[in-house]
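Single-structure report; data block below.
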Ligand code: HEM
């Protein structure tokens, strides 16, 4: 089993980063969706918000790691039967997913800084505030964070539909190679 990618398939590092990101996005999105119904000023609510923020910062770190790993390593070619339009759609979807993996957490971090609540990353490190507290900006940033998150989830749905099409209709190895690390 290879750690690095090769022209034949994805390596273990890439696969772990991909699925860890997917799991963290699911968890952070679930918390983001439900936590706004929690009672305000309750200590448990604060803990839940901080968990959501810590997951977001972790997604940002993994995205940075993944980008470095991706640009500096080989990548497997798309299946030969994929039409040019499908390749282009996959390329645009992947690039947009990458952009949103940075944008959504950054907007969340700016939102909490504007509200003057620092991120205490899993109770281990209090992160610096990237901007000063600014109430008028807070609402705008919160809306932008929410919109970008919705766009990310919509793209994830499109991306999953693409993966299922590869598996169930095209019958190629695109999904399998994102699960089983390449040996050569
Ligand atoms: C939930 C968040 C997800 C994100 C943000 C995400 C993002 C990405 C990105 C950016 C790529 C491009 C390759 C790369 O990693 O550099 C990729 C590849 C891939 N993803 Fe996802 N993904 C997610 C979830 C899923 C799920 C749930 C599935 C399957 C049901 C899936 C299946 C695949 C497959 C099969 C590839 C490989 C494409 C290839 O070999 O060219 N992804 N993903």
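Residue numbers (our numbering): -1 to 182.
Just so it is clear, CB atoms sit at the ideal spot from N, CA and C, and this is done for glycine as well.
All of these numbers come straight from a predicted model, not from anything done at the bench.
With a CB to CB cut of under 6 Å and the five nearest residues on each side skipped, what residues in its chain are close to residue 42?
none
Check whether the stretch 67 to 76 and the stretch 4 to 22 touch, using three or more Cβ-Cβ pairs below 8 Å as the test.
yes
Does the pairing of the stretch 120 to 132 with the stretch 104 to 112 give three or more beta-carbon distances under 8 Å?
yes
Of the residues 172, 168, 88, 104, which one's Cα is nearest the Cα of residue 52?
104
Taking DSSP as the reference, what is the three-state secondary structure of residue 8?
coil
Please determine whether the Cβ atom of residue 18 lies at a distance below 7 Å from any heavy atom of ligand 1.
Residue 18: no, Cβ never under 7 Å from ligand 1.
Residue 174 versus residue 86 - alpha carbon distance:
Going by the C-alpha atoms only, they are around 21 Å apart.
Which of helix, strand or coil does DSSP assign to residue 66?
helix
What runs of the alpha helix (DSSP H), each 4 residues or longer, lie entirely inside the stretch 53 to 131?
Fully enclosed alpha helix (DSSP H) runs of no fewer than 4 residues occupy 82 to 112 of the stretch 53 to 131, in order along the chain.
With 16 as the cutoff for other CB atoms within 10 Å, does residue 24 come out buried or exposed?
exposed
Can we count residue 12 as close to ligand 1, meaning its CB is less than 7 Å from some heavy atom?
yes
Thinking C-alpha only, which one of 22, 37, 33, 82 is nearest residue 55?
22
Buried or exposed by the 16-neighbour rule on C-beta atoms within 10 Å, applied to residue 134:
exposed
Does residue 1 come out as helix, strand or coil in the three-state DSSP assignment?
coil
I'd like to confirm something about residue 161: is its beta-carbon nearer than 7 Å to some heavy atom of ligand 1, or not?
yes
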